[in-house]
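Structure first, then comments.
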Amino acid sequence: MAIVKEFKEFAMRGNVVDLAVGVIIGAAFGKIVTSLVADIIMPPIGMATGGIDFKDLKYVLKPAVDKTPETAINYGLFINNVIDFLIVAFCIFLIVKGINSLKKKEEAAPAAPPEPTKEEVLLTEIRDLLAKKA
């Protein structure tokens, strides 16, 4: 029973729940970016390069024979995945940059200088009195 209790405490921590939410949102965001690249960005690039569909770009190592499928290096899909990664990395960069700028604004507000202690006030008065006598 101790293991179950310990696991429950672990699973209910804020960090674990936040991580789970982040993973779910990240997966959904990944699908959106994949669709953006495959359906919106790559078709115009394909038209600009003479109607090339990047998904079909491959280097065939061994052609298909009867029921044996071909062996190929699908570098077009790799290009799509690199573009996916760059878009996701850029979006994450912008989010982190925005969060950091908000943190800097919070830190930039200077704290009020501390009030002098009773001893400092007393010493200042003594200094001023001695300066008047001299």
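So the sequence shown is residues -12 to 121, counted in the working numbering.
Cβ coordinates follow ideal geometry from the N, Cα and C atoms, glycine included.
Beta-bridge pairing of residue i - partner residues as DSSP gives them
i          : result
residue 60 : 46
residue 55 : 52
Local Cβ density within 10 Å of residue i, reported as buried at 16 or more and exposed below that
i          : result
residue -6 : exposed
residue 82 : exposed
residue 2  : exposed
residue -1 : exposed
residue 41 : buried
residue 67 : buried
residue 24 : buried
residue 70 : buried
residue 29 : buried
Residue i - containing alpha helix (DSSP H), residue span
i           : result
residue 0   : Where residue 0 is concerned, there is no enclosing alpha helix (DSSP H), given that its DSSP letter is neither H nor E.
residue 113 : 105 to 120
residue 32  : 29 to 35
CA-to-CA distance, residue j to residue i, given in whole angstroms
i           : j           : result
residue 101 : residue 89  : 26 Å
residue 60  : residue 20  : 23 Å
residue 53  : residue 86  : 56 Å
residue 84  : residue 27  : 26 Å
residue 8   : residue 16  : 12 Å
residue 91  : residue 78  : 20 Å
residue 58  : residue 39  : 21 Å
residue 118 : residue 80  : 60 Å
residue 113 : residue 104 : 14 Å
residue 63  : residue -12 : 53 Å
Chain D within 8 Å of residue i, Cβ atoms only
i          : result
residue 41 : In summary, chain D is missing from the structure at hand, where a single protein chain is found.
* Asked: For the stretch 102 to 110 against the stretch 33 to 49, are there 3 or more C-beta pairs whose distance is under 8 Å?
  -> A contact between stretches requires three or more CB pairs, one per stretch, nearer than 8 Å, and the stretch 102 to 110 fails this requirement with the stretch 33 to 49.
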